[in-house]
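Q:
Protein chains: 2
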Amino acid sequence: MDDLEIRKTGLKVTAPRIKILDLLQQRADQHLTAEDVYKLLIEEASDIGLATVYRVLTQFEGVGLVKRHHFEGGQSVFELDRGPHHDHIVCLDCGHVEEFIDEVIEKRQRSIVKEKGFTLERHALVLYTHCSRSDCPNRGD
Amino acid sequence: MDDLEIRKTGLKVTAPRIKILDLLQQRADQHLTAEDVYKLLIEEASDIGLATVYRVLTQFEGVGLVKRHHFEGGQSVFELDRGPHHDHIVCLDCGHVEEFIDEVIEKRQRSIVKEKGFTLERHALVLYTHCSRSDCPNRGD
DNA sequence: GGTAAAAACGAGAAGAATTCGCATTTGTGG
DNA sequence: CCACAAATGCGAATTCTTCTCGTTTTTACC
Numbered sequence: 047m048d049d050l051e052i053r054k055t056g057l058k059v060t061a062p063r064i065k066i067l068d069l070l071q072q073r074a075d076q077h078l079t080a081e082d083v084y085k086l087l088i089e090e091a092s093d094i095g096l097a098t099v100y101r102v103l104t105q106f107e108g109v110g111l112v113k114r115h116h117f118e119g120g121q122s123v124f125e126l127d128r129g130p131h132h133d134h135i136v137c138l139d140c141g142h143v144e145e146f147i148d149e150v151i152e153k154r155q156r157s158i159v160k161e162k163g164f165t166l167e168r169h170a171l172v173l174y175t176h177c178s179r180s181d182c183p184n185r186g187d
Numbered sequence: 047m048d049d050l051e052i053r054k055t056g057l058k059v060t061a062p063r064i065k066i067l068d069l070l071q072q073r074a075d076q077h078l079t080a081e082d083v084y085k086l087l088i089e090e091a092s093d094i095g096l097a098t099v100y101r102v103l104t105q106f107e108g109v110g111l112v113k114r115h116h117f118e119g120g121q122s123v124f125e126l127d128r129g130p131h132h133d134h135i136v137c138l139d140c141g142h143v144e145e146f147i148d149e150v151i152e153k154r155q156r157s158i159v160k161e162k163g164f165t166l167e168r169h170a171l172v173l174y175t176h177c178s179r180s181d182c183p184n185r186g187d
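If you're matching them up, the sequences are chains A and B in order.
Read in our numbering, the first sequence has 132 at position 86, and its numbers run on one by one without any break.
Read in our numbering, the second sequence has 187 at position 141, and its numbers run on one by one without any break.
1) So is G186 of chain A buried or exposed if we call it buried at 16+ other beta carbons inside 10 Å?
2) What in chain A is Cβ-close to Y100 of chain B, meaning under 7 Å?
3) To the nearest angstrom, how far is the alpha carbon of R128 of chain A from that of K113 of chain A?
4) Going along chain A in order, which residues have a C-beta closer than 8 Å to the C-beta of A170 of chain B?
5) So the beta strand (DSSP E) A170 of chain B belongs to, where does it begin and stop?
6) Beta strand (DSSP E) containing R114 of chain B: first to last residue?
7) Which class does E125 of chain A belong to by DSSP, given the choice of helix, strand or coil?
8) Residues of the stretch 150-167 of chain B with a CB closer than 8 Å to any CB of chain A: list them in chain order, please.
9) In its own chain, which residues sit with a C-beta less than 6 Å from the C-beta of K58 of chain A, not counting the 5 before and 5 after it?
10) I believe F146 of chain B touches I135 of chain B by the beta-carbon criterion, under 8 Å. Please report the beta-carbon distance rounded to the nearest angstrom.
11) Ordered along the chain, which non-local residues of its own chain (more than five positions away) have a Cβ less than 8 Å from that of R156 of chain A?
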């Protein structure tokens, strides 16, 4: 059960937290906005307020359970922080998000920062593209 | 005069636009929020509304005069789009912004997207660091 | 298990950033 | 220099997110 995961973080094990973590785990391949999560919870008859969704996601971020990304255009998106770091490719037409990791880029980033004598805390790399997937509304543009 | 630059874009040459472009040119090394611009305009006794600042910056972005960046934390920042593309290093402590360009990273990005059959429209790369500048632990850009 | 203190919740208000609506003013082409 | 489309200023409206506060739950401890 999820209880363990949550308990390990030191956060109290509450119904909203269990349900939100559960939902994120079922959709570990997706990048959801707080509102997405809120609506999905409503669909499964969970009576959890939007404020709580934001609170819980922020707390989960704080304890390393989820990652928050700021893509272009308004809302933050959240995803379960399961394992290795990765960057993102976002389709400007359909919003599809794909993940990738490139060691060459990672390495260059580290040396760029090192050259300046700074300390790299984290980075955000998003490639905005037009994807070529069959269900993308703008394919072949 | 700035008139030329603006006229070339097809936008009408108005007082707010001249003043905003002028201000951006005087601070070409900085990354300003719309509110920064608004306040700086007030300081120089220009009576330009915040809505107009947003409008003009967005229009300037549309015609390629300025670039907008979405760093972590709320407001977008704007800078004059003078010449070559570059990415950013942002200090999490003092907000200092530094620019860099790395052809290795640029090239890798292109091939990653190409491999997937997508088209790269643009990208955002921000390295969040702790800088080592003497005036760091403070405000300022 | 029972219970009290601490933490979390839900709902709506508040806040921050940005955009919109509209009456008024201002460039610009003719 | 005129007419009219475009731009402006202002405040209201939107959007996304956080806060407040009265109520409910958890959990540590008896």
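Every residue, glycine too, gets a C-beta built ideally from N, C-alpha and C.
Treat the numbers as computed from the prediction; the structure is a model and nothing was measured.
A: Taking the coordinates as given:
1) For the purposes of this step, residue 186 of chain A is taken as residue 140 along the first sequence, with counting starting at 1. Unreliable positioning characterises G186 of chain A in this predicted model, as indicated by a pLDDT of 48, which lies under 50. The coordinate reading is nonetheless provided below. Burial check for G186 of chain A: the Cβ neighbour count within 10 Å stays below 16, so the residue is exposed.
2) Start at 1 with the first residue of the second sequence, and residue 100 of chain B comes out as number 54. Correct list: empty, because the minimum Cβ distance to chain A is about 15 Å.
3) Within the first sequence, numbered from 1, the residue matching residue 128 of chain A stands at position 82. Within the first sequence, numbered from 1, the residue matching residue 113 of chain A stands at position 67. In a straight line, the C-alpha of R128 of chain A is about 9 Å away from that of K113 of chain A.
4) Taking the first residue of the second sequence as 1, we reach residue 170 of chain B at position 124. When 8 Å is used as the limit between beta carbons, A170 of chain B is near these residues of chain A: E118, A170, L171, V172 and Y174, in chain order.
5) Here residue 170 of chain B refers to the residue found at position 124 when the second sequence is read from its first residue. According to the DSSP assignment, A170 of chain B belongs to the beta strand (DSSP E) that extends over T165 to H176.
6) Locating residue 114 of chain B in the second sequence gives position 68, counting from the first residue. Segment V112 to H115, the beta strand (DSSP E) holding R114 of chain B.
7) Mapped onto the first sequence, residue 125 of chain A falls at position 79. Under the three-state reduction of DSSP, E125 of chain A is assigned to strand.
8) For the stretch 150-167 of chain B, residues whose beta-carbon sits nearer than 8 Å to a beta-carbon of chain A comprise V150, I151, R154, Q155, I158, V159, K162, G163, F164, T165, L166 and E167.
9) As a working mapping, residue 58 of chain A is identified with position 12 in the first sequence. No residues qualify anywhere along the chain.
10) As a position in the second sequence, residue 146 of chain B is number 100, starting the count at 1. As a position in the second sequence, residue 135 of chain B is number 89, starting the count at 1. Rounded to whole angstroms, the Cβ separation of F146 of chain B and I135 of chain B is 6 Å, and the two are in contact under 8 Å.
11) Along the first sequence, read from residue 1 onward, the residue named residue 156 of chain A stands at position 110. Excluding five sequence positions before and after R156 of chain A, the CB atoms of its chain that fall closer than 8 Å to its own CB belong to L166, given in chain order.
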